[in-house]
Amino acid sequence: MGSIAWSGKDVLSILDFSREDLETLFETADDFLKRPGSVPKTLADRIVATAFFEPSTRTRLSFSTAALKLGAKVIDLSPDVSSVLKGESLSDTIRMLQSYSDLIVMRHPSEGAALLASEVSDVPIVNGGDGSQHHPSQAMLDLYTIRRLKGRVDGLRYAVVGDTRYARTAASFLYGLAKYKPASVYLVSPEGLRMRDEVKNSIRKLGLRTEELDTLEPVLGKVDVIYMNRIQKERFPDPNEYEKVKGSYRITKSLLSGAGDAIVLHPLPRINELAYDVDDLPNAAYMEQARLGVPVRMALLHLVMGGGAR
Amino acid sequence: MGSIAWSGKDVLSILDFSREDLETLFETADDFLKRPGSVPKTLADRIVATAFFEPSTRTRLSFSTAALKLGAKVIDLSPDVSSVLKGESLSDTIRMLQSYSDLIVMRHPSEGAALLASEVSDVPIVNGGDGSQHHPSQAMLDLYTIRRLKGRVDGLRYAVVGDTRYARTAASFLYGLAKYKPASVYLVSPEGLRMRDEVKNSIRKLGLRTEELDTLEPVLGKVDVIYMNRIQKERFPDPNEYEKVKGSYRITKSLLSGAGDAIVLHPLPRINELAYDVDDLPNAAYMEQARLGVPVRMALLHLVMGGGAR
Amino acid sequence: MGSIAWSGKDVLSILDFSREDLETLFETADDFLKRPGSVPKTLADRIVATAFFEPSTRTRLSFSTAALKLGAKVIDLSPDVSSVLKGESLSDTIRMLQSYSDLIVMRHPSEGAALLASEVSDVPIVNGGDGSQHHPSQAMLDLYTIRRLKGRVDGLRYAVVGDTRYARTAASFLYGLAKYKPASVYLVSPEGLRMRDEVKNSIRKLGLRTEELDTLEPVLGKVDVIYMNRIQKERFPDPNEYEKVKGSYRITKSLLSGAGDAIVLHPLPRINELAYDVDDLPNAAYMEQARLGVPVRMALLHLVMGGGAR
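Protein chains in written order, with my numbering: chain A, 322 to 631; chain B, 322 to 631; chain C, 322 to 631.
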């Protein structure tokens, strides 16, 4: 019997899921990792459509991989995206896709695109990222990675670093954290890239307190998790502003010498904000994080398509 | 035992199929819709290649979906199309694809491209649209939609509206209608987008009489089927010409208040010629038409690959 | 039991494989061709990732086809390549792909890219072409084609014609030939497109003697195999240089009247260097060569993924 919380549900935002729902997801992912030979073909004879209106290698390919491992067939809109965007409304495109498929994984630059899609679609919509706030499967795999590497999410101290304003990974992660009881959460970003009030208000209402910092140094050695986010040059109206701050938000091997056993997460791809010399440190957790994208997304697809909790 | 008319055949134009062949197709599609759990894996262990030299979301994805549902694997040329077009002849590309696959679905901007492909290919070619006249699977699903929603194709009154000159969907639909006995067929288009003489002569020889009109109003309330076609700005040498006519060929909710129970078809995607306020009317049949693309294309692939009539 | 030489191995260069390894490959391909109904599903439940940082229709699609025929699922990076190339290092991209898949087939413009990939990947890397020297699966299928059409590789006389400097197909083919005992090998190219010293030194050390010629005519009628390579205009710093030589390296029907039963190979796609009037001659072997890409790549994937020699 499928999970009542998950079966048939759209996955638009991590805010729509309770801590218990997330635990169901994580235990299912654990089971898939522990017994790879026993993964059920929950999606056999099902078609999953991927519709990425913004490029995304990791999200698209890990969802495709997850769907294929569960027995699904995958159709991909991507090769036609440029032409589609020219002429057709999102709701027409989604109505077409939902008549061909049993579930749609989509990404879109506009806030609310996944919600709009869910309103015209008879099949579940999984939001692979839209606008600047929601990327639920990313937040789920982030929490899952912490849970596996640190044994728990509660009681830890977190630094969310870099572009906390435009990076949907940062906002989604905070929405996810708000389901738990972290000991402290520091938001470390240059002034122009501070978290939006909208997000801060939402998480405050959920009972999550955060503290804003200009630099990571003051809390280095105190935090258990450093969640880096990309700093994209194009976010800065003035290129000089970018040049000024980019050094301050760069994680390097020497910086991490004072970090104890904090783990470093990053949704990837990285630009300058995460040095390659970090890769061999025990702190580096981002490759494991990327790898865990597959079992978490398998668990998500399995539960949404009516597979039972495991 | 497979259908003699269909098995192994190239599908280049709906003109090559008799009314009986079409009925075989439609009954097979009916069976696939009625008994989704009994769809045969006719294409198991077969490779279907899709080669779209012009973008086409609906045709490409619905053929892919149809092939996958019948058990095929799909390989797609699209990501390389831009580079292929630069350097290689169509016949070399097709000879490559036919040595990798068991059936090729292709679209090409040039008239006759599918015929050329069929001459160099040992495996069946399915024309997903070439030039300005032929798009057989579209015409088949158009007729199938009418058959399902109106119970028959014969004896009805049709208006084919919009660009009847360049839209291959319009010409193909008329070629399909010519296999039946419609009560009347009105071609409604601005002067510069009238049906080509070549097509008019062909359908006249097949016994289909048509009447040309400048506007839809005179026959609204008299016709059972309104087949809209896109009016693309780029077809007009003078942009002012486009601005002048675009309003006259726009289907809106208020216009349809005088349409009785006529159904509105459109191959989609739509631009301005079909208003969104039509979507909720009982007249709107284009979403159902898009949905029926999958069972019709399943039936087509099934029959061409030697599956029996059902 | 799998082949010790092949199982789990990266396929970076044909130089890494012995003549015996190649014979194992060819016998396996022979078996797949002879008994298509008995092809094992060696890659069932495996994911093959294709990552082409340079477009390549034939190599990408024939590897995909080969993988699908062995039961694999395929994920394809191609739609995102332009965006990936902008921001991410090759090693980050490969680390992602290897955590999603069981084998990676890649192509890259840079010399050594496949080697770099193999150093960061836990899953086998198959080089689908990198830089200007290595394209091992192409050389394998070239040799296999000769073996099937001429019965042997040893003792024959070869002309490698066209751009022997930049065409990785030319260098790889010579590296492959060096595993055998050809009677003679002529390198026929304009001065600016002579084989690099680096390649000549490598094959000399392997015991392969070559002779350089300006034109094909002197050896036409003496050689058993003419291996044409593309001559790309953009390789010439001066367009006039291209215009001067292009005629001399063009294979036509009339030229081949003096070629006896020599077979003509070409990796395709062709530009001007191979006339269409050659296609119907018994000498034309390039379409068969393209077709044999599938069984050879099936054998390669089968052996690398632990399938036994057949």
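Idealized CB from N, CA, C, for every residue including glycine.
| Check | Outcome |
| --- | --- |
| Grouping DSSP H, G and I as helix and E and B as strand, with all else coil, what is R468/B? | helix |
| Out of curiosity, what's the CA-to-CA distance linking K574/B and A438/A? | 23 Å |
| Alpha carbon to alpha carbon, what distance is there between G568/A and H634/A? | Nothing about residue 634/A can be read from this structure; chain A reaches only from 322 to 631. |
| Please determine, among N448/B, E538/B, N550/B, E440/B, the residue with the shortest C-alpha to C-alpha distance to V482/B. | N550/B |
| Is R356/C near the ligand NAD, in the sense that its beta carbon is under 6 Å from a heavy atom of that ligand? | The model on display carries no ligand, and the ligand NAD is accordingly not part of it. |
| Please list the residues of the segment 376-396 of chain B that have a C-beta atom closer than 8 Å to any C-beta atom in chain A, keeping them in chain order. | P376, S377, T378, R379, R381, L382, S383, S385, T386, L389, K390 |
| Using the Cβ count rule (16 or more neighbours within 10 Å means buried), how would you classify G497/C? | buried |
| Would you kindly check if the distance between the Cβ of D401/C and the Cβ of T378/A is under 7 Å? | yes |
| In chain A, what lies closer than 8 Å to A370/B by C-beta? | Neighbours of A370/B on chain A: none; closest Cβ ~14 Å, over 8 Å. |
| What are the boundary residues of the beta strand (DSSP E) that includes S412/B? | Run containing S412/B: none in the beta strand (DSSP E); it sits in the alpha helix (DSSP H), 411-421. |
| Can you say whether D342/B is buried or exposed, counting buried as having 16 or more other CB atoms within 10 angstroms of its CB? | buried |
| With 9 Å as the C-beta to C-beta threshold (strictly closer), list the residues of the segment 586-599 of chain B near chain A in chain order. | L589, P590, R591, I592, Y597 |
| Along chain A, which residues have their Cβ under 8 Å away from the Cβ of M608/B? | R416, S420 |
| Is there a C-beta anywhere in chain C that falls below 7 Å from the one on R612/A? | yes |
| For H429/A, list the residues DSSP reports as bridge partners. | D451/A |
| Assuming V447/B contacts L470/B (C-beta within less than 8 Å), just tell me the rounded distance between them. | With 8 Å as the limit, V447/B and L470/B do not qualify as a contact, their Cβ atoms being about 25 Å apart. |
| Closest to M619/B by C-alpha separation, out of P511/B, V474/B, T363/B, would be which residue? | T363/B |
| Can you name the start and end residues of the beta strand (DSSP E) that I547/A belongs to? | 546-549 |
| Return the chain-ordered ranges of every alpha helix (DSSP H) run that is complete within the segment 562-608 of chain C and spans a minimum of 4 residues. | 574-577 |
| Closest by CA to T548/C, which one among E594/C, G627/C, D351/C, P357/C? | Going by the sequence as given, residue 548/C is Tyr instead of Thr. Comparing Cα-Cα distances from Y548/C to each of E594/C, G627/C, D351/C, P357/C, the minimum goes to E594/C. |
| Could you tell me if L527/C is buried or exposed, where buried requires 16 or more neighbouring beta carbons within 10 angstroms of its beta carbon? | exposed |
| Does chain C have any CB closer than 7 Å to the CB of E348/B? | no |
| Check distances from the C-beta atoms of the segment 477-495 of chain A to those of chain B and list, in chain order, the residues that come in under 9 Å. | none |
| Pick helix, strand or coil for R478/C, following the three-state DSSP scheme. | strand |
| Beta strand (DSSP E) containing E533/C: first to last residue? | 532-534 |
| For L418/A and F384/B, I'd like the C-alpha separation in whole angstroms. | 13 Å |
| Helix, strand or coil for K394/B per DSSP? | strand |
| In chain order, which alpha helix (DSSP H) runs of at least 4 residues are fully inside the segment 331-365 of chain C? | 340-355 |
| Express the C-alpha separation of F347/C and P616/A in angstroms, rounding to a whole number. | 38 Å |
| Since V441/C is in the beta strand (DSSP E), which residue starts that stretch and which ends it? | Unbroken run through V441/C is the alpha helix (DSSP H), 434-441; no beta strand (DSSP E). |
| Take K521/B as the anchor and find which of A435/B, P445/B, T345/B, Q454/B has the nearest alpha-carbon. | Q454/B |
| Which partner residues does A372/C have in the DSSP bridge list? | M427/C |
| Taking a contact to mean a Cβ-Cβ separation below 7 Å, would you say S328/B touches G629/B in this structure? | no |
| If we count the other Cβ atoms within 10 Å of its Cβ and call it buried at 16 or more, is T536/A buried or exposed? | exposed |
| Against E263/B, what residues of chain C qualify as contacts under a CB-to-CB distance less than 8 Å, listed in chain order? | Lying before the first or after the last residue shown, residue 263/B is absent from chain B, which here runs from 322 to 631. |
| Could you say which of V546/C, P588/C, E555/C lies nearest to L577/C if we only look at CA atoms? | V546/C |
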